[in-house]
Amino acid sequence: MFGQVSHGLEVKVGAAKVWELYGTTKMALLAKEALPDTIVNLDILEGQGDVGTIIKITLAGGFSYKEKFTKVDNLNRVKETEAIEGGFLDMGLSLYRLRLEVIGKDEEELCVIRSTIEYQVPDETSFDVSLVSVKLFADIAQVIKNRLTAPAGAK
């Protein structure tokens, strides 16, 4: 069974400025700093934010996994990662893919941060799909929005 969940957040900042964070590993490092009770540890194991970059993420409760950047499209502002070890893969999923998009509505003034998780549950596997949630990525989008829209000096 294939499924997906998404979240979108409008940000009153130009898409290029938002992509400066989302298109690199800065987003992950900022998320770890801003959400220390959720993201316990984040290690960049390989790469610098381009295709092939591998990150190990440990969440509260000991849930950890490694993900690999499989697509970084700076022109269209799309980044995709796939879990390659641990986490939901250990629980039975055969695919856990995250797509992050920064969609310009008005290039200078407004954009939407869209986070989409795609997952695959093999037919013979029993898996509670309600565990797959975009909440963490919605929280990260909110952190990015707050950082980019905060008055000067309040960051």
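Quick note: the sequence shown uses the working numbering, first residue 131, plus one each step.
Note that beta-carbon positions come from the ideal geometry of N, C-alpha and C, so glycine has one too.
**Asked** For the 8 Å Cβ check, are there 3 or more pairs between the region 272–280 and the region 245–255?
**Response** By the Cβ rule, the region 272–280 does not count as touching the region 245–255, because fewer than three pairs are nearer than 8 Å.
**Asked** Hey, Val148 and Cys241 are a contact pair by Cβ (cut 8 Å); roughly how many whole angstroms apart?
**Response** The residue labelled residue 148 in the question sits at position 18 within the sequence shown. The residue labelled residue 241 in the question sits at position 111 within the sequence shown. Right, their Cβ atoms sit about 6 Å apart.
**Message:** Would you call the region 174–187 in contact with the region 200–215, where contact means no fewer than 3 C-beta pairs closer than 8 Å?
**Reply:** yes
**Request:** Measure the alpha-carbon distance for Leu261 versus Leu175 and round it to whole angstroms.
**Result:** Walking along the sequence shown from the start, residue 261 turns up at place 131. Walking along the sequence shown from the start, residue 175 turns up at place 45. Their backbone Cα atoms lie some 26 Å apart in a straight line.
**Prompt:** Quick one: Cα of Glu140 to Cα of Ala190, how far?
**Reply:** The sequence position of residue 140 within the sequence shown is 10, counting from 1. The sequence position of residue 190 within the sequence shown is 60, counting from 1. If you draw a straight line from the Cα of Glu140 to the Cα of Ala190, it is about 28 Å long.
**Message:** If I follow the unbroken alpha helix (DSSP H) through Ala280, where does it start and stop?
**Reply:** Position 150 of the sequence shown holds residue 280. Premise fails: Ala280 is in no alpha helix (DSSP H) and is neither H nor E.
**Asked** What number of angstroms, rounded off, separates the C-alpha of Leu223 from the C-alpha of Thr155?
**Response** Here residue 223 refers to the residue found at position 93 when the sequence shown is read from its first residue. Here residue 155 refers to the residue found at position 25 when the sequence shown is read from its first residue. When rounded, the distance between both Cα atoms is 25 Å.
**Message:** Can you check which of these residues, Thr188, Ser263, Glu197 and Thr183, is closest to Leu165 by C-alpha distance?
**Reply:** Position 35 of the sequence shown, counting from 1, holds the residue named residue 165. Answer by Cα proximity: Thr188.
**Prompt:** Between which two residues does the beta strand (DSSP E) containing Val202 stretch?
**Reply:** Within the sequence shown, the letter at position 72 stands for residue 202. Segment Ser194 to Asp203, the beta strand (DSSP E) holding Val202.
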